[in-house]
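A short write-up of the structure that comes next.
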Amino acid sequence: MTGDLFRDTVEPLAEGAVLLREFATAEAPALMAAVTNIAAASPFRHMTMPGGYDMSVAMTNCGDLGWVTDRRGYRYDPVDPDTGRSWPSMPPLFASLATRAADAAQYADFTPDACLINRYEPGARLSLHQDKDERDFEAPIVSISLGLPATFLFGGLRRKDRPRRIRLESGDVVVWGGPSRLVYHGVAPLADGDDPLTGGRRINLTLRKAR
Ligand code: SIN
Ligand code: FE2
Numbered sequence: 677m678t679g680d681l682f683r684d685t686v687e688p689l690a691e692g693a694v695l696l697r698e699f700a701t702a703e704a705p706a707l708m709a710a711v712t713n714i715a716a717a718s719p720f721r722h723m724t725m726p727g728g729y730d731m732s733v734a735m736t737n738c739g740d741l742g743w744v745t746d747r748r749g750y751r752y753d754p755v756d757p758d759t760g761r762s763w764p765s766m767p768p769l770f771a772s773l774a775t776r777a778a779d780a781a782q783y784a785d786f787t788p789d790a791c792l793i794n795r796y797e798p799g800a801r802l803s804l805h806q807d808k809d810e811r812d813f814e815a816p817i818v819s820i821s822l823g824l825p826a827t828f829l830f831g832g833l834r835r836k837d838r839p840r841r842i843r844l845e846s847g848d849v850v851v852w853g854g855p856s857r858l859v860y861h862g863v864a865p866l867a868d869g870d871d872p873l874t875g876g877r878r879i880n881l882t883l884r885k886a887r
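In structure tokens:
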């Protein structure tokens, strides 16, 4: 495995899942600038769950496909339903960072085609779920955290498995795949805090291979 051993640590979470602390710290300002550009074209919005309530996390996407939810259900869509246009293209930095992180987690040749961008204001949360709207589960999920720290809930393959609570800081990257690809995960309500990079929020990028 290559990488800066003094900056990066590979922390196993479960079989096939690792936490790469500070893996994206150096790139955080550039990632945030790219998110601002993406949101200028495809703004953050609170999507509606099939059951009818609006998510507390605001979302947008970049890449060939974007994850969306509405009254009809969850899906990947090449078109942003709010703008009627394609999602903004994926910045090369997103893809290269995701490929490097996947590599550090022993997943070779990860090439994401979709990036869901989550924005958490204090109080926003994401309930336990599996990422299973992708065509197959061969590729891992790469998750990059920016801004305010969060408590990531990392469970098991059954909804009732009690999740571990993992503190994620700005620059931390989590990769899960293989035997952990379908683990239940979520985010506890975000605590208040100051963060100059994100204006007192948390931004999370999840890179996927949807097709
Ligand atoms: C997600 O599951 O899509 C996001 C996870 C996170 O915000 O850390
Ligand atoms: Fe998820």
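Under the working numbering, residues 677 to 887 are what the sequence shown spells out, in order. The beta-carbon is built from N, C-alpha and C at its ideal position, and this holds for glycine as well.
Check whether residue i and residue j have beta carbons under 8 Å apart
i, j, result
"ALA864", "VAL818", "no"
"ASP756", "SER718", "yes"
"PRO767", "ARG884", "no"
"PHE752", "ALA790", "Sequence inspection shows Tyr at residue 752; the Phe mentioned does not correspond to that position. Contact: yes."
"ASP848", "LEU695", "yes"
"LEU844", "ALA867", "no"
"LEU804", "TYR860", "yes"
"THR882", "LEU741", "no"
"ARG877", "LEU802", "no"
"LEU769", "ALA710", "yes"
"LEU829", "ARG811", "no"
"ALA704", "SER846", "yes"
Burial state of residue i, where buried means 16 or more other Cβ atoms lie within 10 Å
i, result
"PRO872", "exposed"
"GLU814", "exposed"
"GLY799", "exposed"
"TYR796", "buried"
"THR736", "buried"
"SER765", "exposed"
"PRO688", "exposed"
"ALA886", "buried"
**Message:** Extract the residue ranges of the beta strand (DSSP E) inside the segment 812–885, only unbroken runs of 3 or more that lie entirely within it.
**Reply:** Counting whole runs of 3 or more residues, the segment 812–885 contains the beta strand (DSSP E) stretches 817–823, 826–830, 840–844, 849–852, 861–863, 878–884.
**Request:** Determine, using beta-carbon pairs with one atom in the segment 851–861 and one in the segment 778–795, whether at least three such pairs fall under 8 Å.
**Result:** Judged by Cβ distances under 8 Å, the segment 851–861 makes contact with the segment 778–795, as three or more pairs qualify.
**Message:** Suppose only complete runs of 4+ residues qualify. What are the alpha helix (DSSP H) ranges in the segment 696–757, listed by chain order?
**Reply:** List check, alpha helix (DSSP H) in window: 704–717.
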